[in-house]
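Below you'll find the structure, written out as structure tokens, and then a few comments.
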Amino acid sequence: MAAVVTLAEAERQARAEKNARLKYLRTHASWLVLDPDALFRDEIDCSALFGDIPMPKVGSS
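Below is the structure:
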């Protein structure tokens, strides 16, 4: 018998996965050290941190 996933359960699962990714990011970011000689750019590409996360659609359906 296949399990039926409700919308509420899917949202709970998505929140849990997001929280796990944020916890992972905070854990690994905690040991970063400021390098006063580093070259900085105007933008930071964080796509490697989050991978292929589907973006929620905004607006009316």
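Going from the sequence shown to this note's numbering is simple: count from 1 and add 84. Where a beta carbon is used, it is the ideal one built from N, C-alpha and C, also for glycine.
Taking the Cα positions, L123 is about 27 Å away from R105. DSSP places L118 outside both helix and strand once states are collapsed to three, so it counts as coil. Membership of T111 in the alpha helix (DSSP H) is indicated by the continuous run L91 to A113.
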